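Q: To convert, note that position 67 of the sequence shown is 67 in our numbering; the numbers rise steadily by one, no gaps.
Note that the Cβ used here is the ideal one computed from N, Cα and C, for glycine as well.
All values derive from a computational prediction rather than experimental measurement.
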Amino acid sequence: MPHLRKFRNCFCALLLLAMASVSTVARAEGMKAAKINDTAWTTEDDSISVVFKPCRENAEMLCGYLKTASPEAVKRFGLSAPPEKLGGLCIIEGLRPESGSRFSGGRFVNTQDDNVRAARVSLQHAPGASLKVVAARWIFSRTLLFKPNPY
């Protein structure tokens with residue numbers, strides 16, 4: 001019986017250690033997302049402004065919500081909402097945390113362009129620098145660089 005008691009105590013200690021490490025990872029991922037979503041981001045050509053924050057449907061993922069878009073950007077991305085309803089429109093959804101300040105597995109939504117919708121989206125943030133969003137499908141790849149809004 002003493003052997004079973006030792007085994008049980010060891011097992012409980014390992015279980016507690018595993019649970020503690022999981023919650024630390026979750027908190028760390030939340031901190032990385034907080035650094036990204038505490039400001040609005042604007043493309044380098046000032047055509048689109050996006051706020052990245054936890055998705056409405058799943059707070060463990062990051063989504064990009066449109067703040068402003070120029071008429072050229074609306075046309076280029078084929079956004080499927082009337083101009084008066086563009087503010088707050090989700091355009092990137094499902095970004096899952098990876099290592100460091102990287103998120104992947106996202107996709108463009110609310111667009112009429114099939115190629116844009118089929119592309120997989122990843123996001124990388126270098127603290128104190130720009131935000132890089134890459135959309136890729138097969139050999140097609142497009143990169144958008146975002147800078148923090150000055151206001």
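I91 by DSSP, collapsed to three states: which one?
A: It is a strand residue.
Q: Curious, which full-length alpha helix (DSSP H) runs of at least 4 residues does the region 43-103 contain?
A: As far as the region 43-103 is concerned, its whole alpha helix (DSSP H) runs of at least 4 residues are 71-77.
Q: Alpha carbon to alpha carbon, what distance is there between L131 and L145?
A: Rounded to whole angstroms, L145 to L131 spans 6 Å at the Cα level.
Q: Evaluate S219 with the Cβ neighbour count: other Cβ atoms within 10 Å of its Cβ, from every protein chain shown; 16 or more gives buried, anything less gives exposed.
A: There is no way to answer for residue 219, as the model of the chain reaches only from 1 to 151.
Q: Classify E72: buried if its beta carbon has 16 or more other beta carbons within 10 angstroms, exposed otherwise.
A: Exposed is the call here.
Q: Short of 7 Å in beta carbon distance, which residues of its chain neighbour L17, apart from the five on each side in sequence? Order them along the chain.
A: For L17, the predicted structure reports a pLDDT of 32, less than 50, and the residue's modelled location is therefore unreliable. A value from the coordinates is still provided. Correct list: empty, nothing qualifies.
Q: Since V116 is in the alpha helix (DSSP H), which residue starts that stretch and which ends it?
A: 114-118 is the extent of the alpha helix (DSSP H) around V116.
Q: Would you report the Cα separation of F52 and Y65, rounded to the nearest angstrom?
A: If I take the Cα positions, the gap works out to 6 Å.
Q: For V133, write down the residues that DSSP places opposite it in a beta bridge.
A: DSSP lists L123, L144 as partners of V133.
Q: Count the other CB atoms, across all protein chains shown, that sit within 10 Å of the CB of G100; report buried if there are 16 or more and exposed otherwise.
A: G100 comes out exposed.
Q: Rank R96, L123, T111, S122 by C-alpha distance to the C-alpha of V74 and give the top, closest one.
A: V74 has its Cα closest to that of T111, out of R96, L123, T111, S122.
Q: Counting C-beta neighbours from all protein chains within 10 Å, is the total for I92 16 or more, i.e. buried, or is it exposed?
A: With 16 or more other Cβ atoms within 10 Å, it is buried.
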